[in-house]
Each structure stands twice: as structure tokens, then as C-alpha cells.
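**Q** Heads up, the sequence shown stops at 958 in our numbering, and the numbers go up one at a time, no gaps.
Structure provided below as C-alpha cells; questions to follow.
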Amino acid sequence: MALTDANGFSSEAICWIDLNTKFIAWTIVSLVSRVEAILASVCVGGLSGCLLLITPNFISEFSHESIRGTLTSFGIIFYGIGLMVSYILGGCLNYEMMNYVCLTISVLSLIMMSLVEESPVYLMSKDLEKKAAKSIAFYRSSKRGSLIVQQEMESIRRTLNVQMNRKALGTQIQFHWGPAWLKGLFVYAFCITATCGAGTVPYVMIPEMFLPEVRSEG
């Protein structure tokens, strides 16, 4: 299971929360048919959609640098493929069967996630070098004392030292006047307000650039 501390959650812990919210949402839909329950499952599922953004970050923390970009992009690519498959299944299956299929996929995801080791980057940042060596050995299919594992640990040390020396922008990050979870709250608040506010400006401006005859296509 993922490690957590007072300073926040590891990437794996957030992935666990993500998968559990999916499981809870599909369980509610599969077992309860009341409107209130369906709305509650939508809210829980929406939280899962937000947490999905941490998946590429978790993948980047354990993947080798030679294939890191490819693996992190796969997370978003397979998300799109999953949406397409769900639409196809929705046209072939009835409502109850579709819910059970999605619930089964959620259970399988939890089982597969239980086979994954914690991020070595997170473990190194908490000075858990033995566990970090075990994690690297797992992802590299090597022994803990191998040269590959030692080189990876040294590379992570250099990366963490660089990150610790960087100055973060923003008053919350800079002065830590509030709890750590406020950073995430501010990020989500910005995304929501940008989407509902200034984020709509390009969509308003684009139709104004075209003639009425082609405005709908623009």
C-alpha cells in the first residue's frame, strides 16, 4: 500500500484513491436505481476524473528515461481508448450489464494496482533508501544491489537535490501560510474559473472572425 505523511500523498496513494472512487461510483450505480444515488455516483466519478491527472506523474516516477515520454503519454491515450470502448459497449449491452462490466473493470484495476510498487522517487524523498532500492529493482527486473539500481538511485538523488533548490512561485507555495492541500484546491479552482470565465473568450472570439455564412463551421 502507498505511503503517506503529513506533507501530502504519494502518487501511488492518489492512484489508489482514484481507483477506489471508480469502484464506489460503479458499485452505487449497479446496486441502487434511485435518482439521488445516481447523482452521488456522478459526483464520486467526477472526483475520479480529476485524480486521473496524477497517473502520468506516477508513471514518470518509475519509468526509465529512455521510454518515459512514451509511457506517460500512454496513460492519456488509453483513457481515450477506454472512452471509445465504453461507447461501443454501451451500444451493445443493456443498462444493467454495462454497469456490471464497468464494475468488473474497476475491480480488476484495483487488483492490478496491488501488484505495483511505490514510486522510488517518493521513497527517496522520504529517505527510505532500502525500500526505494526494492522498488527500482522491481521496475528494472534487477537485484537490489545491482549496478543498475545504484545508478538509478544516484540519478534520483541528483534530481531531488535540484528540485529542493528551486524557488516555487505563488504565496501559498512560497510562504506555506496554509495546509498543503490548499495547493491542489487552488489549482482546481483556477481550472474551474478559467473554464467558466476567461477560458470561454476564445470560443466567443472565433465566431466573430468569420462571416455569418460560415460562422457555425468556425
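We treat Cβ as the ideally placed atom computed from N, Cα and C, and that holds for glycine.
Between the C-alpha atoms of Leu811 and Ile794, what's the straight-line distance to the nearest angstrom?
**A** 14 Å
**Q** Have a look at Leu792 and Gln890 and give me their C-alpha separation to the nearest angstrom.
**A** 31 Å
**Q** When burial is assigned at 16 or more other CB atoms within 10 Å of the CB, is Val772 buried or exposed?
**A** exposed
**Q** To the nearest angstrom, how far is it from the Cα of Ala777 to the Cα of Gly785?
**A** In a straight line, the C-alpha of Ala777 is about 12 Å away from that of Gly785.
**Q** Between Ser882 and the rest of its own chain, which residues show a CB-CB distance below 7 Å, the 5 nearest in sequence each way excluded?
**A** Ile888, Val889
**Q** Throw me the rounded Cβ distance for the Ser750 and Ser859 pair, which I believe falls under 8 Å.
**A** 6 Å
**Q** What is the C-beta distance between Val861 and Glu801, in whole angstroms, given that I count them as a contact (C-beta under 8 Å)?
**A** 4 Å
**Q** Please state whether DSSP places Val856 in a helix, a strand or coil.
**A** Note: Val856 maps to coil in three-state DSSP.
**Q** Just to confirm my understanding: we take Arg906, look at its own chain, exclude 5 residues before and 5 after, and list those with CB closer than 7 Å. What are they?
**A** Here the model assigns Arg906 a pLDDT of 45, short of 50, so the residue's position is not dependable, and the following value carries that caveat. There are no such residues.
**Q** Just tell me which of Ala753, Gly809, Ala872, Asn839 has its CA closest to the CA of Ile764.
**A** Looking at Ala753, Gly809, Ala872, Asn839, the one whose alpha-carbon comes closest to that of Ile764 is Asn839.
**Q** Where in the region 843-898 do unbroken runs of the alpha helix (DSSP H), each at least 4 residues long, occur, reported from the N-terminal end onward?
**A** 860-865, 869-880
**Q** Within the same chain, show all residues whose beta-carbon is closer than 7 Å to that of Ile757, passing over the 5 residues directly before and after it, in chain order.
**A** Leu791
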